[in-house]
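Numbering (this note's numbering), first residue to last: 812 to 1169.
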């Protein structure tokens, strides 16, 4: 009955929120109204599931009553079949409600900032970083998310030594956070003449985009430099000083953006990344606190840890966190990473549920 009592409290709270949203005083305070409206919508799926759950319980009681009092065997059999169906449905709804009641990471619904850096492996690592960048762009397309290139440093024979981009979309960080870590590739490089398989790596860091009220930035702490954006081989592709480099003096964090032709747009993007990098420091403490409470971590933890291997000769992709191996590398590298992320989410939810239940 404990879960029922908790749901009754949430139901009453949700109804009170609905009344407050029509209160002129609340509507006059835009910041309060926006937060209340968000909380109201966040709670709605739980409330609707609870109403469904109560209806199932009532129908089960009714079926039992028929089985107890009805003398007609056909009616009793129909009631028994209905009770069996309702029992299964009740278990499904209960499981769904339990997952809904797990406290969410408040950052999950935010946009994401993704940074991909070539690691060990020289030119081949840069090419692989480019493959990962393309993979994420294609995945974002399937989700209907918008992507914005922030900064890039191209490799000498293709790909990127480093590429940073924003992902704007519903729950972008909550889904892409599972990609943080070291990705390893095993294949024959284009530069290899003897057909030997080499191992290279690239690191991926996914951060929740910091909003303006998350970080209080003092303009006096930021040094702004402008420069000409450049293309492959160092050729100038923009003769105006539109590229921006920001240095946060207290922390030493440096951010640059040269994707836009407009200095104003580059500055806005660079400020967004700077806020995110500063926010990451505080957010990391939060992640460490969670990690200390769990035995396994799927979506967070050591970003230097090897999380996934892409083996070209065998057409195999292995995610080492959940011992998942799939033999559809070409589809995955083409952006079809939904199955991998869904299985990681399931593992994470199971871990969180276990923690919540003690």
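From the three backbone atoms N, C-alpha and C, an ideal C-beta is built for every residue, glycine too. In this text, all values refer to a predicted model and were calculated from it rather than measured experimentally.
Is residue 1047 helix, strand or coil when you go by DSSP? Residue confidence for residue 1047 is low, a pLDDT of 45 falling below 50, so the modelled location carries little weight and cannot support an answer.
Excluding the 5 residues flanking residue 1122 on each side, which residues of the same chain have their C-beta closer than 6 Å to its C-beta? Within the same chain, residue 1122 has close Cβ partners 997.
C-beta contact flag for residue 978 and residue 951 at 8 Å: In this structure, residue 978 places its C-beta atom within 8 Å of the C-beta atom of residue 951.
Determine, using beta carbons only, whether residue 995 and residue 1012 come nearer to each other than 8 Å. Cβ atoms of residue 995 and residue 1012: closer than 8 Å.
For residue 946 and residue 919, the rounded distance between their alpha carbons: Straight-line Cα distance between these residues: approximately 21 Å.
Assign residue 922 to buried or exposed, taking buried as 16 or more other Cβ atoms, counted over all protein chains shown, within 10 Å of its Cβ. With 16 or more neighbouring CB atoms inside 10 Å of its own CB, residue 922 falls in the buried class.
Sort out for me which residues DSSP pairs residue 1014 with in a bridge. Beta-bridge partners of residue 1014 (DSSP): 928, 993.
For residue 1131 and residue 1116, I'd like the C-alpha separation in whole angstroms. Straight-line Cα distance between these residues: approximately 10 Å.
Residue 942 versus residue 1144: straight-line alpha-carbon distance, rounded: In a straight line, the C-alpha of residue 942 is about 7 Å away from that of residue 1144.
For residue 962, does the three-state DSSP call read helix, strand or coil? Here DSSP, grouped into helix, strand and coil, assigns residue 962 to strand.
By DSSP, does residue 1131 sit in helix, in strand, or in coil? In this structure, residue 1131 counts as coil in the three-state DSSP scheme.
List the residues that DSSP assigns as beta-bridge partners of residue 1117. Residue 1117 has 993 as its beta-bridge partners, per DSSP.
Residue 1137, DSSP secondary structure in three states: Correct three-state label for residue 1137: strand.
Close-in-space but distant-in-sequence residues of the same chain around residue 837 (CB under 7 Å, 5 per side omitted): Apart from sequence neighbours up to five positions away, the residues of its chain that approach residue 837 with a beta-carbon distance below 7 Å are 831, 843, 844, 847, ordered along the chain.
In terms of alpha-carbon separation, which member of 825, 900, 1133, 982 lies closest to residue 1155? Considering only alpha carbons, the answer is 1133.
Is the beta carbon of residue 908 less than 8 Å from the beta carbon of residue 869? Not closer than 8 Å, so no.
For residue 1152, which residues in the same chain have their Cβ closer than 7 Å to its Cβ, ignoring the five residues on either side in sequence? For residue 1152, where only same-chain residues beyond five positions count, the Cβ hits under 7 Å are 986, 989.
Taking residue 968 as the reference, which of 956, 948, 984, 933 has the closest Cα? Closest option to residue 968, Cα to Cα, is 933.
What is the DSSP secondary structure of residue 1035, counted as helix, strand or coil? DSSP places residue 1035 in strand when its eight states are reduced to three.
Which class does residue 1057 belong to by DSSP, given the choice of helix, strand or coil? Strand, per DSSP.
Three-state secondary structure (DSSP) at residue 1084? Three-state result, residue 1084: helix.
Mind checking whether residue 894 and residue 866 have CB atoms under 8 Å apart? The answer is no: Cβ separation not under 8 Å.
Closest by CA to residue 863, which one among 1118, 1054, 905? Looking at the Cα atoms, 905 is the closest of the given residues.
Shortest alpha-carbon distance to residue 974 belongs to which of 960, 982, 984, 981? Looking only at 960, 982, 984, 981, the smallest Cα-Cα distance to residue 974 is reached by 960.
8 Å Cβ shell around residue 821 - same chain, five flanking residues per side excluded: For residue 821, where only same-chain residues beyond five positions count, the Cβ hits under 8 Å are 854, 857, 858, 861.
Quick one: what does DSSP say residue 973 is sitting in, helix, strand or coil? The DSSP-derived three-state label of residue 973 is strand.
C-alpha distance - residue 1061 paired with residue 1080, whole-angstrom precision: Using only the alpha carbons, I get a separation of about 20 Å.
Check whether the Cβ atoms of residue 1087 and residue 1021 sit closer than 8 Å, and answer yes or no. At a Cβ-Cβ threshold of 8 Å, residue 1087 and residue 1021 count as neighbours.
Nonlocal neighbours in the same chain, by C-beta distance under 6 Å from residue 1137, ignoring five residues either side: Within the same chain, Cβ atoms closer than 6 Å to the Cβ of residue 1137 are found at 1128, the five residues on either side in sequence being excluded.
Tell me the DSSP secondary structure of residue 1144 in three-state form. It is helical.
Runs of beta strand (DSSP E) lying entirely within the segment 817-893, each at least 3 residues, in chain order: With a minimum length of 3 residues, no continuous beta strand (DSSP E) run stays inside the segment 817-893.
Note the first and the last residue of the continuous beta strand (DSSP E) segment covering residue 1067. Looking at the DSSP string, the run of the beta strand (DSSP E) that includes residue 1067 is 1064-1068.
My output table needs one value for residue 998: the three-state DSSP class, helix, strand or coil. Residue 998 falls in the strand class under three-state DSSP.
Which same chain residues, not among the five before or five after residue 944, have their C-beta less than 6 Å away from its C-beta? Within the same chain, residue 944 has close Cβ partners 927, 974.
Using DSSP with H/G/I as helix, E/B as strand and the rest coil, what is residue 904? Look at residue 904 here: in three-state DSSP terms it is helix.
Reduced DSSP secondary structure (H/G/I, E/B, other) of residue 1021: Here residue 1021 sits in coil by DSSP.
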